[in-house]
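J.: In the numbering used here, the protein residues as written are 46 to 109.
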């Protein structure tokens, strides 16, 4: 596997467990760093999506 293939795969699914990808990552410092960055970004997105919606917000939106 080449770096471009690894990055495309990780952008498709950051948590994919692919033997070829894992072997490539283990031997490529740049792709290890890329994976770490992508997992961090995905974690930030998950955190942002888990914010509770304020009570009554739907009514306020409909009134405006």
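Where is the CB? At the ideal position from N, CA and C, for every residue including glycine.
Using the Cβ count rule (16 or more neighbours within 10 Å means buried), how would you classify residue 55?
T.: Residue mapping note: residue 55 aligns to position 10 of the chain shown, counting from 1. With 16 or more Cβ atoms within 10 Å of its Cβ, residue 55 is classed as buried.
J.: Quick one: is residue 80 buried, meaning 16 or more other Cβ sit within 10 Å of its Cβ, or exposed?
T.: Within the chain shown, the letter at position 35 stands for residue 80. With 16 or more other Cβ atoms within 10 Å, it is buried.
J.: Examine the Cβ distances between the region 46 to 53 and the region 66 to 78 and report whether three or more of them are shorter than 8 Å.
T.: yes
J.: Just confirm the distance between the C-beta atoms of residue 59 and residue 87, as a whole number of angstroms; I'd bet it's less than 8 Å.
T.: On the chain shown, residue 59 is found 14 positions in, with the first residue counted as 1. On the chain shown, residue 87 is found 42 positions in, with the first residue counted as 1. About 5 Å separates the two Cβ atoms, so the contact holds.
J.: May I have the straight-line CA-CA distance separating residue 106 from residue 82, to the nearest angstrom?
T.: Mapped onto the chain shown, residue 106 falls at position 61. Mapped onto the chain shown, residue 82 falls at position 37. Using only the alpha carbons, I get a separation of about 36 Å.
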